[in-house]
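Below is one structure; the comments refer to it alone.
Protein chains: 2
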Amino acid sequence: MAQVTIMSQRDIGYHRRMARWRPDARGRLEAAAFELFRERGFEQTTVADIAARAGLDKRTFYRLFGDKREALFSGSERVEEALVKVVAETNAAPFEVVIAAFRQMAVDIFADRRELVRMRQSIIESSPELQERELRKTGALLAAVSAALRAKGLDETTATLATESGGTVFRVAYARWVAPDGDSSLADLIVQVATELSAITSSSPGRR
Amino acid sequence: MAQVTIMSQRDIGYHRRMARWRPDARGRLEAAAFELFRERGFEQTTVADIAARAGLDKRTFYRLFGDKREALFSGSERVEEALVKVVAETNAAPFEVVIAAFRQMAVDIFADRRELVRMRQSIIESSPELQERELRKTGALLAAVSAALRAKGLDETTATLATESGGTVFRVAYARWVAPDGDSSLADLIVQVATELSAITSSSPGRR
DNA sequence: CTCGCGATGTCGCCATGTGACATGGCTCAG
DNA sequence: CTGAGCCATGTCACATGGCGACATCGCGAG
Numbered sequence: 093m094a095q096v097t098i099m100s101q102r103d104i105g106y107h108r109r110m111a112r113w114r115p116d117a118r119g120r121l122e123a124a125a126f127e128l129f130r131e132r133g134f135e136q137t138t139v140a141d142i143a144a145r146a147g148l149d150k151r152t153f154y155r156l157f158g159d160k161r162e163a164l165f166s167g168s169e170r171v172e173e174a175l176v177k178v179v180a181e182t183n184a185a186p187f188e189v190v191i192a193a194f195r196q197m198a199v200d201i202f203a204d205r206r207e208l209v210r211m212r213q214s215i216i217e218s219s220p221e222l223q224e225r226e227l228r229k230t231g232a233l234l235a236a237v238s239a240a241l242r243a244k245g246l247d248e249t250t251a252t253l254a255t256e257s258g259g260t261v262f263r264v265a266y267a268r269w270v271a272p273d274g275d276s277s278l279a280d281l282i283v284q285v286a287t288e289l290s291a292i293t294s295s296s297p298g299r300r
Numbered sequence: 093m094a095q096v097t098i099m100s101q102r103d104i105g106y107h108r109r110m111a112r113w114r115p116d117a118r119g120r121l122e123a124a125a126f127e128l129f130r131e132r133g134f135e136q137t138t139v140a141d142i143a144a145r146a147g148l149d150k151r152t153f154y155r156l157f158g159d160k161r162e163a164l165f166s167g168s169e170r171v172e173e174a175l176v177k178v179v180a181e182t183n184a185a186p187f188e189v190v191i192a193a194f195r196q197m198a199v200d201i202f203a204d205r206r207e208l209v210r211m212r213q214s215i216i217e218s219s220p221e222l223q224e225r226e227l228r229k230t231g232a233l234l235a236a237v238s239a240a241l242r243a244k245g246l247d248e249t250t251a252t253l254a255t256e257s258g259g260t261v262f263r264v265a266y267a268r269w270v271a272p273d274g275d276s277s278l279a280d281l282i283v284q285v286a287t288e289l290s291a292i293t294s295s296s297p298g299r300r
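Sequences listed follow chains L and R, in order. Its first residue numbered 93, the first sequence is counted upward by one per residue in my numbering. Its first residue numbered 93, the second sequence is counted upward by one per residue in my numbering.
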């Protein structure tokens, strides 16, 4: 669900002092990719370009990232951990648990980086390939949430429905938050949208 | 949302009689792709292979399909039309309208082709690339449904929430229907899952 | 009959991704 | 101190995806 990261500080050196190869190859590649995607667009940017700007070789890029798109999606792991943690620790009805997890994530991970998120979002929107990848990533995130829910004893259907509904709420709230004019906090928007969703789905399926 | 088709009968000739070039190039390519994907798997199949089996050239494939994946996703247009039509014609609460549309689609388009759908699904599940494409296609379908809903005067948020919720219901019902042991009808499953979803999301967001 | 057009084939090109192998600097045993 | 070995990186080569430009072929219109 909308990974944010860039400029990570992992890889400070896998063993202190080293100055053997310039440090944080991965971080440099992410940053280079981000810049180039903004400057020329995703399709107009070559993996070789990215590697060059990071002072590395094409082959190295592919050793650190599965493919060209992946350079934009490094937040996932952190986000997934955060979500799963809250799900595991919160006791409430399933849907509420999921909403709580998203709210917490909004506060801990997104709140500060609105501008970054907007830039990233505009890159993604410019390329169908990136949109597909984003979809897949958020799908994986939701699958993890659902698994965490099942680990608490919920049956598969309930876990899936609560998770997907929460995901829907998040996506809508996120879209509003990212919009150029929005100014409520993401956390507030989530609560707000969750309420609207409850209202909409409360009716019975109706026969025809 | 899970396109089904293959063996279409479009292109019966854009001008009746013609037997100039072997007819239904597109259909032949779809069928060839479907077969080959099943025989060797998606990645192990080359576009040139597909074209060859259909008695055509690689370049022709690319004139008829945007990319290799697209050969598996030709049902979309028909499905989209069907959904939009029902949405436009049904008067009820938004969520119910969406559910009605999916039910109708289940009856008109899916009911008969369970085996075909299963084969297609197993192909898709075997390749991340295809999964991404499926996600994007279903996203587009839902966007169309949402647009149809807005055309009836609903505000964007309501339309989106109703649509996405309906989509969630469909996906869950579909997953059960496709599962090797399921035997209820897809339409029934949809109604059933819709009810479960109502129950799950009815609670209030809760503060923490 | 010939002309034209539309569907197809041919060629060639660049970028994505990946395997196999080369290299060079760091670390650690001795 | 020194050599063995490891590991991140670079080099090379290659299959495939995708696409632009141009050639061809067969039918229907005049």
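No residue lacks a Cβ here, since even glycine has one placed at the ideal position from N, Cα and C.
Simplified DSSP assignment, three categories, for residue i
| i | result |
| --- | --- |
| Gly-274 of chain L | coil |
| Leu-246 of chain L | coil |
| Gln-284 of chain L | helix |
| Lys-160 of chain R | coil |
| Ser-294 of chain R | coil |
| Leu-289 of chain R | helix |
| Arg-120 of chain L | helix |
| Ser-113 of chain L | The identity of residue 113 of chain L in the sequence shown is Trp, whereas the question assumes Ser. Coil. |
| Phe-165 of chain L | coil |
| Phe-153 of chain L | helix |
Interface residues of chain L facing residue i [CB-CB closer than 7 Å]
| i | result |
| --- | --- |
| Glu-181 of chain R | Correct list: empty, because the minimum Cβ distance to chain L is about 11 Å. |
| Gly-231 of chain R | Leu-227 |
| Leu-253 of chain R | Thr-260, Val-264, Glu-288, Leu-289, Ile-292 |
Endpoints, the alpha helix (DSSP H) within which residue i is located
| i | result |
| --- | --- |
| Gln-196 of chain L | 186 to 197 |
| Ala-140 of chain R | 139 to 145 |
| Glu-169 of chain L | 168 to 181 |
| Gly-133 of chain L | Element bounds for Gly-133 of chain L: n/a, residue is neither H nor E. |
Cross-chain neighbours of residue i in chain L, by beta carbon under 9 Å
| i | result |
| --- | --- |
| Glu-169 of chain R | The premise fails here: Glu-169 of chain R is roughly 17 Å from chain L at the closest Cβ pair, so nothing lies under 9 Å. |
Within chain R, the residues that residue i reaches when beta carbons sit closer than 7 Å
| i | result |
| --- | --- |
| Glu-81 of chain L | One cannot answer for residue 81 of chain L here, as it falls past the ends of chain L, which runs 93 to 300. |
| Gln-223 of chain L | Arg-228 |
Contacts that residue i makes with chain R (C-beta to C-beta distance below 8 Å)
| i | result |
| --- | --- |
| Thr-250 of chain L | Glu-288, Ile-292 |
Sufficient close CB pairs (3 or more, under 8 Å) joining the segment 144 to 154 of chain R to the segment 114 to 130 of chain R
The count of Cβ pairs closer than 8 Å, one atom from the segment 144 to 154 of chain R and one from the segment 114 to 130 of chain R, reaches three, so the stretches are in contact.
Fully enclosed by the segment 197 to 265 of chain R, which alpha helix (DSSP H) runs are 4 residues long or longer?
Taking only runs of at least 4 residues, the alpha helix (DSSP H) segments lying wholly in the segment 197 to 265 of chain R are 206 to 217, 220 to 242.
Segment contact, 8 Å Cβ cut-off, at least three pairs: the segment 187 to 195 of chain L with the segment 276 to 287 of chain L:
By the Cβ criterion, the segment 187 to 195 of chain L is in contact with the segment 276 to 287 of chain L, since at least three pairs of Cβ atoms, one from each stretch, lie closer than 8 Å.
Is the number of C-beta pairs between the segment 224 to 244 of chain R and the segment 235 to 246 of chain L that are closer than 8 Å three or more?
No, the segment 224 to 244 of chain R is not in contact with the segment 235 to 246 of chain L.
Could you tell me whether the segment 242 to 255 of chain R touches the segment 181 to 191 of chain R, using the rule of 3 or more Cβ pairs below 8 Å?
They touch, by the three-pair rule.
For the segment 251 to 269 of chain L and the segment 250 to 270 of chain R, state whether three or more C-beta atom pairs, one from each stretch, are separated by less than 8 Å.
Yes, the segment 251 to 269 of chain L touches the segment 250 to 270 of chain R.
Spell out a yes or no on whether the segment 204 to 218 of chain R and the segment 125 to 139 of chain R are touching, meaning 3 or more CB-CB pairs, one atom from each, closer than 8 Å.
Because the criterion of three Cβ pairs below 8 Å is met, the segment 204 to 218 of chain R and the segment 125 to 139 of chain R touch.
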